[in-house]
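Trainee: Structure incoming, see below.
Residue numbers (our numbering): 761 to 1476.
Encoded structure:
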């Protein structure tokens, strides 16, 4: 009996020791988040100690977007909430809670303050700014995660200037009451006439206080502040003096980072160095900002996350879940995902080149697409006039007509294939576009003169096959195409975007209109038709390839309309219910695959999971966001005009060439049902996508160009 009791006591002691050790391990881990706001990749080149840290850690680019922009306090709050949030610097007004500010905090916020060192007296503004935010961010999510686990947070440093309190870094570690456990943000600067406003951050004092607090706090946020002060003082300085002061600031930060890293236990410390805002215009206009991870078991290489699924790129919403994950805390309330490292030699050089290409495409995107839109409008108007007035298309008129038709049909291919060229600046980018467009135009023009097949069918087939191959091989062409997604905008980082879905759907419909080219029996043609249709839907909807929910809905809708028409099933209320039901089933199927077989679900899977917990509010927010974006585009986008002109063009041809069109549709039924399904898919594209105008316009450009070309062939 005594032996049994003794054994039980020993077992209990062992379990307590194991549990105590596990808890101690968690408590001994500390995250140090160093804010070097407005730091750029060009700055890092001159920071030798930081380069040593990078060689021993991982580096990436971070999208710093808040709710409405890339600068100011929004990104700081977005990091905390792991969702896009809105605020200004007043929302981050915070102080060490001495008697005066403790009373001010309690008067404004209405919460009883315990032993916390820092309180955000502007907290009520944070709530007000986000009342109508359709992303519904959880303000204070990061701090709450620590406090629920019994862990503490700390903050040191500020970005104050003479006439204004600027302390947005307090927004990162705060909880949902606007409180931070430890820190010093009031008495952390030192007089120095060589710096803007006559003072700078006291790095020696800050380092000592950070080292002293590490046994108490599990998250320590450190705001270096001086680069922000320089940015606000920039207009008063000549270039020479500006860069002279900037170099001094960078040297101070570099030395501080060296001392900090040397004072830490790398195994139990995770250092994250970030610039919550984009770079400085006088240094580098890049919006994506550098982010460095060191320690904490993070392997060497370049950073990525399941949010972006792109080597070298993360989002600011990924920072909080990574911190929480490192400490082994729950992170279900965060929208972002854990940051990981991908092994790559010369990671900095890779990121520098990648960043250049991203900036070139992003800054050229509007102008390139505007040129394409204008050319397509000219092509549409010219073609419509020639067809409606039954002008004989021959000689010079033929060259001009087919020239514009070929341009409208080939530019998407050129914008896609240009990504394969190793350009790194605007001149190289534009030059390669012109060269590839010229070569493509000459080839297609010669084919058009010699081949009996419609030239839009040939160009659409080439674009379709190129897209299929690219999507199956990791989207290497789409990611650097002006028709692809823009990681600076941050709406998506992988898969396929609205612009390319529009091109994909337009090309698919044109291929379906030309089934007779296969010269098979009707049933065999149908098999080919259905394979093309469902391959397109699968690639767009699959979480592994396209991961585009709205695109899947509109393309599947177009496909089902085409199939029902092809099978002579009348489109009525019952058939529309059937189509909508099949679309819902398909989306739920893709959702199941995403959630069941993907450890980090894509946007589709996350939306379904969040909808199950948030219900109607989330769905309503998504619908409102999509409607507002389309309303915005209707009023400002050149693609809206393009869409209107395409609609008018098709209407004019159907009205004024009614007999000829009816005769053509009787001979080639697929053209008729192809146009019907294309229009149906385009309408659905507007309804279910937040930039559906662009999707629909691009699809209609290709379909209208095809319609004009075959009508001209029939009339002539």
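A virtual CB, placed ideally from N, CA and C, is assigned to each residue, including glycine. In this text, all values refer to a predicted model and were calculated from it rather than measured experimentally.
Since I believe residue 1136 is in contact with residue 1402 (beta carbons under 8 Å), could you give me their beta-carbon distance rounded to a whole number of angstroms?
Mentor: Right, the Cβ-Cβ distance comes to about 6 Å (below 8 Å), so this counts as a contact.
Trainee: Keeping to the same chain, check which residues put their C-beta closer than 7 Å to that of residue 1433; ignore five residues upstream and five downstream.
Mentor: Answer for residue 1433: 1322, 1325, 1326, listed in chain order.
Trainee: Quick one: what does DSSP say residue 1183 is sitting in, helix, strand or coil?
Mentor: Three-state DSSP puts residue 1183 in coil, outside helix and strand.
Trainee: Taking the straight line between their C-alpha atoms, what separation do you get for residue 784 and residue 1178?
Mentor: The pLDDT assigned to residue 784 is 36, lower than 50, so where the model puts this residue is not dependable, and the model offers no usable value.
Trainee: Does residue 1159 pass the burial test, meaning 16 or more other C-beta atoms within 10 Å, or should it be called exposed?
Mentor: Result: exposed.
Trainee: Which of helix, strand or coil does DSSP assign to residue 1058?
Mentor: Residue 1058: coil per DSSP, three-state reduction.
Trainee: Would you identify the three-state DSSP class for residue 785, choosing helix, strand or coil?
Mentor: Unreliable placement is indicated for residue 785, whose pLDDT of 44 sits below 50; the coordinate value is still reported in the next sentence. Helix.
Trainee: Grab the span of the alpha helix (DSSP H) containing residue 934 for me, first residue to last.
Mentor: Neither: residue 934 is in no alpha helix (DSSP H) and is coded neither H nor E.
Trainee: Secondary structure at residue 1342, three-state DSSP: helix, strand or coil?
Mentor: Three-state DSSP puts residue 1342 in a helix.
Trainee: Among the residues of its own chain, which have a CB less than 7 Å from the CB of residue 865, if the five just before and after it don't count?
Mentor: For residue 865, where only same-chain residues beyond five positions count, the Cβ hits under 7 Å are 857, 873, 879, 881.
Trainee: Three Cβ pairs or more, each shorter than 8 Å: is that satisfied between the segment 1139 to 1158 and the segment 1405 to 1423?
Mentor: Output reads yes: the segment 1405 to 1423 touches the segment 1139 to 1158.
Trainee: So residue 816 packs on residue 1060, CB below 8 Å; how close in whole Å?
Mentor: Indeed they touch by this definition, with Cβ atoms about 7 Å apart.
Trainee: I'd like the span of the alpha helix (DSSP H) that includes residue 1144, first residue to last.
Mentor: Run containing residue 1144: 1107 to 1148, per the alpha helix (DSSP H) assignment.
Trainee: To which residues does DSSP link residue 1065 through a beta bridge?
Mentor: In the DSSP output, where bridge partners are listed per residue, residue 1065 has 1099.
Trainee: Mind reading off the beta-carbon distance from residue 1448 to residue 1314? Whole number of angstroms is fine, and I expect it under 8 Å.
Mentor: Contact holds; Cβ gap of about 6 Å.
Trainee: Any contact between the segment 832 to 847 and the segment 1075 to 1087? By contact I mean 3 or more CB pairs, one from each, below 8 Å.
Mentor: Contact holds: three or more Cβ-Cβ distances are below 8 Å.
Trainee: Could you tell me if residue 1202 is buried or exposed, where buried requires 16 or more neighbouring beta carbons within 10 angstroms of its beta carbon?
Mentor: Residue 1202 is exposed by the Cβ-count criterion.
Trainee: Counting only the same chain and skipping the five closest in sequence on each side, list residues whose C-beta sits under 8 Å from that of residue 1471.
Mentor: Counting only Cβ-Cβ distances below 8 Å, and skipping sequence neighbours, we find 1147, 1413, 1417, 1420, 1421, 1424.
Trainee: To the nearest angstrom, how far is it from the Cα of residue 1175 to the Cα of residue 1241?
Mentor: Their Cα atoms are separated by approximately 6 Å.
Trainee: Enumerate, from N- to C-terminal direction, the unbroken alpha helix (DSSP H) stretches of 4 or more residues contained entirely within the segment 1233 to 1306.
Mentor: With a minimum length of 4 residues, the continuous alpha helix (DSSP H) runs that stay inside the segment 1233 to 1306 are 1258 to 1273, 1282 to 1301.
Trainee: DSSP state of residue 879, grouped into three classes?
Mentor: Three-state DSSP puts residue 879 in a strand.
Trainee: By the three-class DSSP mapping on this structure, what secondary structure does residue 1173 have?
Mentor: In this structure, residue 1173 counts as helix in the three-state DSSP scheme.
Trainee: Verify whether the separation of the beta carbon atoms of residue 1085 and residue 1036 is less than 8 Å.
Mentor: No, Cβ-Cβ distance for residue 1085 and residue 1036 is not below 8 Å.
Trainee: Kindly give me the distance between the Cβ atoms of residue 793 and residue 949, rounded to whole angstroms, as I take these residues to be in contact under 8 Å.
Mentor: So it is not a contact: roughly 20 Å between Cβ atoms.
Trainee: Let me know the secondary structure DSSP gives residue 955 once reduced to three states.
Mentor: The answer is coil: DSSP assigns residue 955 none of H, G, I, E or B.
Trainee: Under DSSP, the beta strand (DSSP E) around residue 983 begins and ends at which residues?
Mentor: Residue 983 -> beta strand (DSSP E) spans 979 to 983.
Trainee: Find the nearest neighbour of residue 986 within the set 980, 1002, 971, judged by alpha-carbon distance.
Mentor: Residue 986 has its Cα closest to that of 1002, out of 980, 1002, 971.
Trainee: Along the chain, where does the alpha helix (DSSP H) containing residue 970 start, and where does it finish?
Mentor: Residue 970 -> alpha helix (DSSP H) spans 963 to 973.
Trainee: Can you tell me the Cα-Cα spacing of residue 855 and residue 1015, whole angstroms?
Mentor: Those two C-alpha atoms are separated by around 27 Å.
Trainee: Measure the Cβ-Cβ separation of residue 1260 and residue 1318 and say whether it is below 8 Å.
Mentor: Not in contact: residue 1260 and residue 1318 (Cβ atoms no closer than 8 Å).
Trainee: Is it the case that the segment 1326 to 1335 contacts the segment 1048 to 1067, given that we only count it when at least three CB pairs across the two stretches are under 8 Å?
Mentor: Short answer: they don't touch.
Trainee: Which class does residue 1440 belong to by DSSP, given the choice of helix, strand or coil?
Mentor: In the structure shown, residue 1440 sits in a helix (DSSP, three-state: H, G or I).
Trainee: Assuming contact is defined by CB atoms lying nearer than 8 Å, are residue 1134 and residue 1405 in contact in what I supplied?
Mentor: For residue 1134 and residue 1405, no; Cβs fall outside 8 Å.
Trainee: Applying the 10 Å Cβ sphere with the 16-neighbour rule, what's the burial state of residue 933?
Mentor: It counts as buried.
Trainee: Would residue 877 pass as a contact of residue 938 if the rule is Cβ separation under 8 Å?
Mentor: No. Outside cutoff.
Trainee: Tell me residue 924's beta-bridge partners as DSSP assigns them.
Mentor: Bridge partners of residue 924: 921.
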